[in-house]
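Numbering (this note's numbering), first residue to last: 6 to 223. Beneath this line is the structure, given in structure tokens, with notes to follow.
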Amino acid sequence: MTRPERFRRFLDYFTTHYPEPRTELAYRNPYELIVAVVLSAQCTDKRVNQVMPALLEQFPTAAELGAASADDIFPFIRSVSYPNNKAKHLAGLGKLLTEEFGGEVPSTIEELQRLPGVGRKTANVVVSVIYNQPAMAVDTHVFRVSHRLGLVPKTATTPLAVEKGLVKYTPQELIPKAHHWLILHGRYICVARTPKCSVCPLTDFCAYYQKLAQAQPM
């Protein structure tokens with residue numbers, strides 16, 4: 006099966022069965038989303054959603070976050086992964102947002118990546134979710150699922166290579182949605198250790214499943 010055909014099957018299924026996917030991070034505005042995405046690195050959305058209310062009550066704006074020290078922020082995020090580094094990132098992020106962007110979250114990937122704790126993946130999430138730009142954020146779920154389904158070649162060994170491979174065959178208007186489709190499929194069905202192939206609706210074109218089937222003794 007050709008790669009364009011796999012994409013067509015993938016996109017047809019999700020546009021039919023899950024036409025309006027959403028991030029599972031809870032947020033009300035761009036500031037809250039970027040803080041949540043920074044906290045979500047190597048951490049579950051569920052955990053981030055648990056710590057965000059108290060954090061936002063204490064630091065409801067970028068200015069208040071930027072006026073705080075890492076030590077001020079740490080107690081509110083101690084239960085997430087790498088809290089020391091993330092506390093430093095959030096303090097710097099709030100300060101830079103306030104001083105250089107007037108407290109507003111910028112809308113370009115280049116500007117976003119100037120913020121502490123914001124790499125290409127985080128920047129892609131923000132411009133995709135908030136500004137509906139055709140940006141494909143590649144996290145561990147997206148990386149794993151795109152390879153298993155055969156949407157990207159085996160030679161795509163970096164997040165950037167996967168991003169380019171996915172964007173190449175996905176219509177621009179569907180890229181923000183495809184990001185969520187891949188994440189959610191990886192989070193609940195195509196899990197890392199024991200993928201739930203028996204309940205997966207994509208096995209008819211999944212390269213990983215087809216390889217498993219061929220390996221089964223007759």
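Even glycine gets a Cβ: it sits at the ideal position worked out from N, Cα and C.
query, result
"Exposure label - Arg27; buried when at least 16 CB within 10 Å", "exposed"
"Burial state of Ala59 (16 or more Cβ within 10 Å)", "exposed"
"For Pro181 and Met223, the rounded distance between their alpha carbons", "Here the model assigns Met223 a pLDDT of 45, short of 50, so the residue's position is not dependable, and the following value carries that caveat. So the two alpha carbons sit approximately 42 Å from each other."
"Residue from Glu10, His22, Pro139 and Cys202 with nearest C-alpha to Gln177", "Pro139"
"Contact under 7 Å by Cβ, His190 with Ser133", "no"
"Inside the segment 52 to 105 only - alpha helix (DSSP H) runs reaching at least 4 residues", "67 to 71 and 75 to 82"
"Three-way DSSP call (helix, strand, coil) for Asn225 in this model", "Since the displayed the chain opens at 6 and closes at 223, residue 225 lies outside it and no answer follows."
"Reduced DSSP secondary structure (H/G/I, E/B, other) of Lys159", "coil"
"Cβ separation of Leu44 and Lys91, assumed to be a contact under 8 Å, to the nearest whole Å", "6 Å"
"Whole-angstrom distance between Pro206 and Ala220, CA atom to CA atom", "20 Å"
"Closest Cα partner of Tyr32 within the set Val131, Val204 and Ala72", "Val131"
"Spatial distance of Asn137 from Arg192 (CA atoms)", "22 Å"
"Nearest candidate by alpha-carbon position, reference Val143, set Thr7, Leu187, Gly155 and Glu37", "Leu187"
"Asn89 to Arg125 span [Cα, whole Å]", "21 Å"
"Cβ pair count under 8 Å reaching 3, the segment 202 to 217 against the segment 10 to 17", "yes"
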